[in-house]
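Student: One structure is given below, represented as C-alpha cells, and several questions about it will come after.
2 protein chains.
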Amino acid sequence: MSKRAVVLLSGGLDSATVLAIARSEGYEVYALTVEYGQRHDDELAAARRVAKRLGAAAHQFASASLRTFGGSALTDDIDVPKGSADEPVGSGIPVTYVPARNTVLLSLALAYAESIGAHDLFIGVNAVDYSGYPDCRPAFVEAFERLANVATKIGVEVEAIRVHAPLMELSKADIIRRGLSLGVDYGLTLSCYDPVGGRPCGGCDACRIRLSAFAEVGMPDPGQR
Amino acid sequence: MSKRAVVLLSGGLDSATVLAIARSEGYEVYALTVEYGQRHDDELAAARRVAKRLGAAAHQFASASLRTFGGSALTDDIDVPKGSADEPVGSGIPVTYVPARNTVLLSLALAYAESIGAHDLFIGVNAVDYSGYPDCRPAFVEAFERLANVATKIGVEVEAIRVHAPLMELSKADIIRRGLSLGVDYGLTLSCYDPVGGRPCGGCDACRIRLSAFAEVGMPDPGQR
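Going down the list, the sequences are from chains X and D. Using this note's numbering, the first residue of the first sequence is number 1011, and each one after it goes up by one. Using this note's numbering, the first residue of the second sequence is number 1011, and each one after it goes up by one.
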C-alpha cells in the first residue's frame, strides 16, 4: 500500500514539481492549497489543474486569514515591485514576504496530515527563495520537523514525521529540468505575483526568475504563452 | 515605552489569566482570537468581553479552516463526551483534541507578532491539558520558540522571540488564584465545549475541571451562575 504524503500546492512551478517528485517516490499525494488572502483566484485555479493532471489522490483547500495582519504586497494593496528582465532581482527580504507564511502553511499541512494518518509533508522551498526569505532555509525546515514530532499524536505515538524539501538545493533551471523529466506540463502552472486576466505579468520577481530559468534550460516558458 | 506582546485569547479561563499576567509584567497586549471552526460563537463573544475588560491595546480576529480536516469533536459532529462531576476525567488523548491546534494558533500569533514588531508570544497551555494533549507540553513550547527564531525576519535579524507559557506548571486551582490576585473577573469567561444558549453545560470535561477547581479554591464558579 502506498504511503500517504501531504504536499503543499500553490499552483506555481515549484510546488507542481514537488507534487511530481512525491508521486515518483511512491507516495499517495494529498494536496493542500491554502488560501491566505491572495489577491487573485488564478493561482487557486492553477492548483486545481495541477492536482488533477499530476494525479493527486485528494485535493484539500484550507484558509488562514493572514490578510488581516497586513505587512505584505501579496495580501495588501502595496504595489508589487516590477523590473525589466535584465535588472537584478532585489536582495534582502522582499516586500512580497508574508509574515510567518511557511510556518502557517506547514502548520495546516501538519493538521491535515494528522487527520489522515500521513507522516510525510512536502514543501517547495528552494535555493532561490532562500536568498531572501527566512522561512525557506534548511534551518527552518529542520526546526519545523522537530516541532512536528513533539506537537502531534502521530509524531509522539506512532512514527516520526518527516518534512521533505526536495527543491532546497536546486536552482530554478534544475527544478524545471527535474520536473520535465517527470512529465510536468508547466503550462498548467502560474507563478506570477500580479497576473492580469489569468496571464502572468512578465515583470514581477517571480515572472523574471521563471523566464530567466526557462531561457537557461533552452525552451520557452509554456506558462507565458 | 511598553513592549508589545501577542496573547492568544480563546475567551476561556486560562487565556484570560494569561492576558492578565502579560499586563502585570508590563506588556502592551495585542490579543489574538483564532476562529478554527468552533461550533459556537459564544466563546468569541467571551473573548471580546475579556479583551476589553482586561485592557488589551488591540484585539485581532483570525481564522484557520481546521473544520474541513475533521478529526475532532470541537469542529465535527462527534458528540462531546459528558460525565458527572465525580467521575474521573478520561486519560489519553481526548476526542476533543484538534489536530495540530496549538501549532496553528502559535503560527498565526507569530504572523501577527511579526507584522506589529512584537517579540513575545503568550499561550495558556497548562499542566491539566498537558496530561492528554501533545501540544501542551514544555517540549512543544520550546520547539515552537526555536522554530520562531529561524522562521521570521524579526527572529533572525532583530531580537530573540520568546514564547511564554506562564500557566505550564500551575494546577487549575492555582491558575484561578493567580487570576483572582490580578483582578480577573471569571464571570466574563466561558470554558465549556458545548454551551447551551451561551451558558456552560456543566457536564463536559472543561466544565468539570473548572467546577472542581473553583470548589478547591473555595468559591462558586462565577461563570456557572
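We put the beta carbon where it would ideally sit given N, CA and C, even for glycine.
Sort V1227/X, E1226/X, L1200/X and A1225/X by Cα distance to C1214/X and report the nearest one.
Tutor: Within the first sequence, numbered from 1, the residue matching residue 1214/X stands at position 204. Comparing Cα positions, the closest option is L1200/X.
Student: Please classify G1021/D as buried or exposed, where buried requires at least 16 neighbouring CB atoms within 10 angstroms.
Tutor: Counted from its first residue, the second sequence places residue 1021/D at position 11. Buried, since its Cβ has 16 or more Cβ neighbours within 10 Å.
Student: Does the count of Cβ pairs from the region 1145-1158 of chain D and the region 1181-1191 of chain D closer than 8 Å reach three?
Tutor: no
Student: Counting C-beta neighbours from all protein chains within 10 Å, is the total for G1036/X 16 or more, i.e. buried, or is it exposed?
Tutor: Counting from one through the first sequence, the residue named residue 1036/X turns up at place 26. Result: exposed.
Student: Please list, in chain order, the chain X residues whose beta carbon lies closer than 7 Å to that of L1118/D.
Tutor: Start at 1 with the first residue of the second sequence, and residue 1118/D comes out as number 108. Per Cβ cutoff of 7 Å: A1074 and V1114.
Student: Just checking: is the beta-carbon of S1020/D within a distance shorter than 7 Å of some beta-carbon in chain X?
Tutor: The residue you call residue 1020/D lines up with position 10 of the second sequence. With 7 Å as the cut-off, S1020/D does not count as an interface residue toward chain X.
Student: From C1146/X, I1126/X and I1164/X, pick the residue whose C-alpha is nearest to that of P1109/X; which is it?
Tutor: Numbered from its first residue, the first sequence carries residue 1109/X at position 99. Among C1146/X, I1126/X and I1164/X, the Cα nearest to that of P1109/X is on C1146/X.
Student: Report the rounded CA-to-CA distance for A1216/D versus P1205/D, giving the unit in angstroms.
Tutor: Within the second sequence, residue 1216/D is the residue found at index 206, counting from 1. Within the second sequence, residue 1205/D is the residue found at index 195, counting from 1. The alpha-carbon atoms of A1216/D and P1205/D are separated by roughly 11 Å.
Student: Helix, strand or coil: which one does DSSP assign to L1192/D?
Tutor: Here the question's residue 1192/D lines up with position 182 in the second sequence. In this structure, L1192/D counts as coil in the three-state DSSP scheme.
Student: Let me make sure I understand the geometry here. Which of E1053/X, L1029/X and V1044/X has the alpha-carbon closest to that of P1210/X?
Tutor: For this step, residue 1210/X is matched to residue 200 along the first sequence. That would be E1053/X, whose Cα lies nearest to the Cα of P1210/X.
Student: Quick test of your reading: A1175/D and R1014/D, contact by CB under 8 Å. State the CB separation rounded to the nearest angstrom.
Tutor: Reading the second sequence from its first residue, position 165 is the one you call residue 1175/D. Reading the second sequence from its first residue, position 4 is the one you call residue 1014/D. About 18 Å separates the two Cβ atoms, so there is no contact after all.
Student: What residue from A1056/D, Q1070/D and T1027/D has the CA that sits closest to L1042/D's CA?
Tutor: Taking the second sequence and counting its residues from 1, one reaches residue 1042/D at position 32. Closest option to L1042/D, Cα to Cα, is Q1070/D.
Student: As a quick exercise: from T1162/X, R1058/X, V1114/X and I1126/X, pick the residue whose alpha carbon is nearest that of V1016/X.
Tutor: Here residue 1016/X refers to the residue found at position 6 when the first sequence is read from its first residue. Checked all of T1162/X, R1058/X, V1114/X and I1126/X; the closest Cα to V1016/X is I1126/X.
Student: Let me know the secondary structure DSSP gives P1230/D once reduced to three states.
Tutor: Position 220 of the second sequence, counting from 1, holds the residue named residue 1230/D. In the structure shown, P1230/D sits in coil (DSSP, three-state: anything other than H, G, I, E or B).
Student: Please classify V1016/X: does DSSP put it in a helix, a strand, or coil?
Tutor: Against the first sequence, residue 1016/X aligns to sequence position 6. Strand.
Student: Please classify D1051/X: does DSSP put it in a helix, a strand, or coil?
Tutor: What you label residue 1051/X is simply residue 41 of the first sequence in a count that begins at 1. Collapsing the DSSP output to three states places D1051/X in coil.
Student: What are the residues of the region 1142-1155 of chain D that lie near chain X, defined by any Cβ-Cβ distance shorter than 8 Å?
Tutor: P1144, D1145, R1147, A1149, F1150, A1153 and F1154
Student: Measuring only between beta-carbons, confirm whether P1109/X sits less than 7 Å from chain D.
Tutor: Locating residue 1109/X in the first sequence gives position 99, counting from the first residue. Yes, because at least one Cβ of chain D sits closer than 7 Å to the Cβ of P1109/X.
Student: Note the first and the last residue of the continuous alpha helix (DSSP H) segment covering A1175/X.
Tutor: Start at 1 with the first residue of the first sequence, and residue 1175/X comes out as number 165. Note, A1175/X: premise wrong, no alpha helix (DSSP H); not H, not E.
Student: Check whether the Cβ atoms of V1039/X and L1023/X lie closer than 7 Å to each other.
Tutor: For the purposes of this step, residue 1039/X is taken as the residue at position 29 of the first sequence. For the purposes of this step, residue 1023/X is taken as the residue at position 13 of the first sequence. No, the Cβ-Cβ distance between V1039/X and L1023/X is not below 7 Å.
Student: Taking only the alpha-carbon atoms, compute the straight-line gap between A1183/X and N1112/X and give it to the nearest angstrom.
Tutor: To locate residue 1183/X, count along the first sequence from 1; it is residue 173. To locate residue 1112/X, count along the first sequence from 1; it is residue 102. Their Cα atoms are separated by approximately 23 Å.
Student: S1222/X to V1060/D, Cα distance in whole Å?
Tutor: For the purposes of this step, residue 1222/X is identified with residue 212 of the first sequence, where counting begins at 1. For the purposes of this step, residue 1060/D is identified with residue 50 of the second sequence, where counting begins at 1. Roughly 53 Å between the two C-alpha positions.
Student: Note the first and the last residue of the continuous beta strand (DSSP E) segment covering A1068/X.
Tutor: As a first step, residue 1068/X must be located in the first sequence, where it is residue number 58. Where A1068/X is concerned, the enclosing beta strand (DSSP E) stretches over A1068 to S1073.
Student: Along chain X, which residues have their Cβ under 7 Å away from the Cβ of V1166/D?
Tutor: Position 156 of the second sequence holds residue 1166/D. For a Cβ distance threshold of 7 Å, residue set P1144 of chain X lies close to V1166/D, ordered along the chain.
Student: Using 7 Å as the limit for Cβ to Cβ distance, is D1086/D near chain X?
Tutor: Here residue 1086/D is taken as the residue at index 76 of the second sequence, counted from 1. Because the pLDDT at D1086/D is just 41, under 50, the model does not fix this residue reliably, and the point stays unresolved.
Student: Confirm, please, whether the CB-CB distance from V1173/X to L1131/X is below 7 Å.
Tutor: Numbered from 1 along the first sequence, position 121 holds the residue referred to as residue 1131/X. Numbered from 1 along the first sequence, position 163 holds the residue referred to as residue 1173/X. Closer than 7 Å, so yes.
Student: To the nearest angstrom, how far is it from the Cα of Y1046/D to the Cα of A1074/X?
Tutor: The residue labelled residue 1046/D in the question sits at position 36 within the second sequence. The residue labelled residue 1074/X in the question sits at position 64 within the first sequence. The straight-line gap from Cα to Cα measures roughly 9 Å.
Student: Closer than 7 Å, CB to CB, is L977/X near chain D or not?
Tutor: The requested residue 977/X does not occur in the structure, where chain X is confined to residues 1011 to 1235.
Student: Which of helix, strand or coil does DSSP assign to T1027/X?
Tutor: For this step, residue 1027/X is matched to residue 17 along the first sequence. In this structure, T1027/X counts as helix in the three-state DSSP scheme.
Student: Which residues in the same chain have their Cβ closer than 8 Å to the Cβ of D1051/X, if we skip the five residues on either side of it in sequence?
Tutor: Within the first sequence, residue 1051/X is the residue found at index 41, counting from 1. Cβ neighbours of D1051/X beyond the five flanking positions: none.
Student: Can you list, in chain order, the residues of the region 1120-1135 of chain X whose Cβ is nearer than 7 Å to any Cβ on chain D?
Tutor: L1120, A1121, Y1122, E1124 and S1125
Student: What's the C-alpha gap between L1116/X and F1154/X?
Tutor: Along the first sequence, one-based indexing puts residue 1116/X at 106. Along the first sequence, one-based indexing puts residue 1154/X at 144. Linking L1116/X to F1154/X through their CA atoms gives a straight-line distance of about 8 Å.
Student: Going along the chain, which residues of its own chain have a beta-carbon closer than 7 Å to the beta-carbon of A1056/X, five neighbours each way excluded?
Tutor: Position 46 of the first sequence holds residue 1056/X. Cβ neighbours of A1056/X beyond the five flanking positions: G1021, L1198, T1199 and L1200.
Student: If you follow the alpha helix (DSSP H) that A1153/X is part of, which residue opens it and which one closes it?
Tutor: Taking the first residue of the first sequence as 1, we reach residue 1153/X at position 143. Run containing A1153/X: P1148 to A1161, per the alpha helix (DSSP H) assignment.
Student: Can you tell me whether DSSP reads C1214/X as helix, strand or coil?
Tutor: For the purposes of this step, residue 1214/X is taken as residue 204 along the first sequence, with counting starting at 1. The answer is strand: DSSP assigns C1214/X an E or B state.
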